[in-house]
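As structure tokens, the structure follows; a few thoughts come after it.
There are 2 protein chains.
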Amino acid sequence: MNAAFTLPPAAATAGSAVSASDACCRLCKAFAESQTAATRVGAGEEVFLEGEEADFVYRVEEGVLMSYRMLGDGRRQVVDFHLPGEFLGLEAGVEYSLTAQAVTPAKVVALGRRRLATLAADDVRLTRDLWSATVGAYQRSQDHAAILARQSATERVAAFLLSYARRIGAVRDMTLPMSRQDMADFLGLAIHTVSRTLTHLEADGLIAARSSRQVRLMRRDRLMALCP
Amino acid sequence: MNAAFTLPPAAATAGSAVSASDACCRLCKAFAESQTAATRVGAGEEVFLEGEEADFVYRVEEGVLMSYRMLGDGRRQVVDFHLPGEFLGLEAGVEYSLTAQAVTPAKVVALGRRRLATLAADDVRLTRDLWSATVGAYQRSQDHAAILARQSATERVAAFLLSYARRIGAVRDMTLPMSRQDMADFLGLAIHTVSRTLTHLEADGLIAARSSRQVRLMRRDRLMALCP
DNA sequence: CGCACTGTTGACGGTCCTCAAAACCAGTGG
DNA sequence: CCACTGGTTTTGAGGACCGTCAACAGTGCG
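First to last, the sequence lines map onto chains G and D. Numbering-wise (this note's numbering), the first sequence opens with residue -3 and increments by one. Numbering-wise (this note's numbering), the second sequence opens with residue -3 and increments by one.
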């Protein structure tokens, strides 16, 4: 019985490439069988708040969400964006350590943590899924920290574009659902810097922008060269 | 049976304040009963390497270690320092995502992951300990990311000094076992900036330095005021 | 049209990185 | 004891990068 603590190869191959959906077989099943109706949330609405008692875990059905924390000086640190199939609130303690907010209109399904714990107690594979989803989140957090620690504005923006494109499966064209401010708070930059950097990337022909949120990746190779 | 997934209040109260030893009752016991002799590692020696198969979990008995990853451009990102009583390698996938290296001469005890998994399968409290230790590491990683994203050099250094003092239980005087370069790679700064910031803090009377690694916190209040 | 909001652009200044050199420290060997 | 060596730490000067302030453009909506 070593399954619970040892990750399956698939979920552990690569830091930031681990999507929560890679490790959802049992976890998805638990949601599917929970009989809970999906909840609609409008853009800007919160699903749960930092500091609230963490009674539920959520799965994104539709739309895009983001999770953030407010810092002491009133600034906001966006921790991650969450796409359909991914989970929210898994790695909370008794309280949520993050606020989860809808970026676009979205649909989420809730599952009680007590119920999930009961299920996990009888199902080693579910326990393993929970474990691997949490480990994935942890490793993504470290990738993020590494970017924030050392990369320049251009590198951060390029890394973000590529990473987001990969996550939504976009090859050339994509829609960025989040505002410039959201991107800035995710990348640890000022909104002006994000904007400037994007126009600069466009001037250099690495990307093309139909509108401010419609981006086409023109030179993926050169963008990748910017992400060491 | 909701114990495995729900954290006990003690372990979840505060992000960066969660020391691994807060959540070790069963986990420590597992190590104590493992009959494995402690391994000595000299300063600078590695306990495990990024990319290696993660077959063991370690507990620090003596000394200080640090974990880091190498970035694409050859830079090093120190993820954390590890004090006696804390665990290493818990949150690994099949491979370690970090390299663990001794900062000072140290003693660690190893425990096989397969063995730990076997124990955890029969012991809900142990499973909960594993969970809460991992969640703790995740939340510390996010605290760290927030600092890297937004704080100035002075704020980073002040936060580091206070956080390290708290972890080792120092009130006024403390010895920093790590080099300036280690601190710099942890804080996402150049070594020169760390050095300059420390001399500046000393000039302002917030700290006093007997030697470069012997620091006394003179004005804890003003240091804390620097950490928003 | 006016208004509110989001995004872009320019000018300027501060912070922190880079480059370079000096001071300090521990250990080694003459 | 002193000179020499390799390492770490400190200090200085200069400049790039990015945040701040300010103004302007674009968009959607009443």
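Yeah, the Cβ is synthetic: ideal placement off N, Cα and C, and Gly gets one too.
Min CB distance residue i to chain D below 9 Å
{"i": "L84 of chain G", "result": "no"}
{"i": "P80 of chain G", "result": "no"}
{"i": "P224 of chain G", "result": "yes"}
{"i": "A26 of chain G", "result": "no"}
{"i": "T189 of chain G", "result": "no"}
{"i": "V75 of chain G", "result": "yes"}
{"i": "L194 of chain G", "result": "no"}
{"i": "L157 of chain G", "result": "no"}
{"i": "G165 of chain G", "result": "no"}
{"i": "L183 of chain G", "result": "yes"}
{"i": "P4 of chain G", "result": "Its pLDDT being 47, under 50, P4 of chain G is placed unreliably in this model, and the coordinates cannot settle the point."}
Chain G contact for residue i (CB, 9 Å cutoff)
{"i": "R36 of chain D", "result": "no"}
{"i": "V56 of chain D", "result": "no"}
{"i": "T130 of chain D", "result": "yes"}
{"i": "L61 of chain D", "result": "no"}
{"i": "G68 of chain D", "result": "yes"}
{"i": "T150 of chain D", "result": "no"}
{"i": "R71 of chain D", "result": "yes"}
{"i": "T123 of chain D", "result": "yes"}
{"i": "G40 of chain D", "result": "no"}
{"i": "R168 of chain D", "result": "no"}
{"i": "R65 of chain D", "result": "yes"}
Close beta carbons around residue i, own chain, < 7 Å, minus the five adjacent residues each side
{"i": "L112 of chain G", "result": "A26, V53"}
{"i": "L185 of chain D", "result": "A149, R152"}
{"i": "R109 of chain D", "result": "A50, D51, F52, V53"}
{"i": "A161 of chain D", "result": "M170, L213"}
Sequence-distant residues of its chain with Cβ nearer than 8 Å to residue i (five each side left out)
{"i": "L107 of chain G", "result": "A26, F27, S30, T32, F52, V53, Y54, R55"}
{"i": "D130 of chain G", "result": "This sequence places Thr at residue 130 of chain G; Asp is not what is there. Taken in chain order, the residues that qualify are L86, E87."}
{"i": "T95 of chain G", "result": "E42, F44, L45, E46, S63, Y64, R65, M66"}
{"i": "D125 of chain G", "result": "A19, C20, C21, R22, L23"}
{"i": "D119 of chain D", "result": "R22"}
{"i": "R71 of chain D", "result": "D181"}
{"i": "Q97 of chain G", "result": "G40, E41, E42, V43, L61, M62, S63, Y64"}
Nearest residue (CA-CA) to residue i, options the options
{"i": "G81 of chain G", "options": "G:E151, G:V105, G:T95", "result": "G:V105"}
{"i": "Q177 of chain D", "options": "D:L23, D:T189, D:A116, D:V60", "result": "D:T189"}
{"i": "L213 of chain G", "options": "G:F156, G:A142, G:L202", "result": "G:L202"}
{"i": "D69 of chain D", "options": "G:A117, G:E48, G:A142", "result": "G:A142"}
{"i": "T150 of chain G", "options": "G:E49, G:M179, G:V60, G:W127", "result": "G:M179"}
{"i": "R218 of chain D", "options": "D:L157, D:H78, D:R110", "result": "D:L157"}
{"i": "L172 of chain D", "options": "D:L79, D:A34, D:K103", "result": "D:L79"}
{"i": "E91 of chain G", "options": "G:W127, G:A98, G:E49", "result": "G:E49"}
{"i": "F83 of chain D", "options": "D:R72, D:E57, D:S93, D:V99", "result": "D:E57"}
{"i": "S93 of chain D", "options": "G:H196, G:Q138, G:Q97, G:A117", "result": "G:Q138"}
{"i": "I164 of chain D", "options": "D:K103, D:Q97, D:F77", "result": "D:F77"}
{"i": "C223 of chain G", "options": "G:H140, G:L115, G:T35", "result": "G:H140"}
{"i": "V99 of chain D", "options": "D:W127, D:T123, D:L61", "result": "D:L61"}
{"i": "M220 of chain D", "options": "D:T193, D:A116, D:M174, D:A155", "result": "D:A155"}
{"i": "Q210 of chain G", "options": "G:M174, G:I187, G:L115", "result": "G:M174"}
{"i": "S207 of chain D", "options": "D:Q97, D:A166, D:L115, D:S191", "result": "D:S191"}
{"i": "A166 of chain D", "options": "D:R36, D:R216, D:L115, D:K103", "result": "D:R216"}
{"i": "K103 of chain D", "options": "D:Q147, D:A34, D:S128, D:L144", "result": "D:A34"}
Spatial neighbours of residue i in its chain, beta-carbon cut-off 6 Å, leaving aside the 5 residues before and after
{"i": "P101 of chain D", "result": "G38, A39, G59"}
{"i": "D169 of chain D", "result": "R212"}
{"i": "S17 of chain D", "result": "At S17 of chain D, the pLDDT of 48 sits below 50, so the modelled position is not reliable; the number obtained from the coordinates is stated separately. If we look at S17 of chain D and ignore the five residues flanking it on each side, its Cβ neighbours are G81."}
{"i": "F182 of chain G", "result": "V74"}
{"i": "A133 of chain D", "result": "E87"}
{"i": "L197 of chain D", "result": "I203"}
{"i": "G11 of chain D", "result": "In this predicted model, G11 of chain D has a pLDDT of only 38, less than 50, meaning its place in the structure is not dependable enough to derive any value."}
{"i": "A13 of chain D", "result": "Below a pLDDT of 50, predicted positions are generally treated as unreliable, and A13 of chain D, at 40, falls in that range; no measurement from the model is reported."}
{"i": "T193 of chain G", "result": "A149, T150, V153"}
Query raised in the report: Fully enclosed by the region 62 to 135 of chain D, which beta strand (DSSP E) runs are 3 residues long or longer?
Result: 72 to 78, 95 to 98, 102 to 108
Query - Residues of the region 85 to 119 of chain G with Cβ closer than 7 Å to any Cβ of chain D, in chain order - result: E87, G89, V90, E91, S93, R109, R110, L112, A113, T114, A116, A117
Requested in this report: For the region 126 to 187 of chain D, list the alpha helix (DSSP H) runs that are entirely contained and at least 4 residues long, ordered along the chain.
Outcome: 149 to 164, 176 to 183
Query - Contact residues within the region 133 to 145 of chain D, judged by C-beta distance below 8 Å to chain G - result: A133, Y134, Q135, S137, Q138, H140, A141, A142, L144, A145
Query raised in the report: Going along the chain, which unbroken runs of the beta strand (DSSP E) with 3 or more residues stay wholly within the region 25 to 68 of chain D?
Result: 35 to 37, 42 to 44, 52 to 58, 61 to 66
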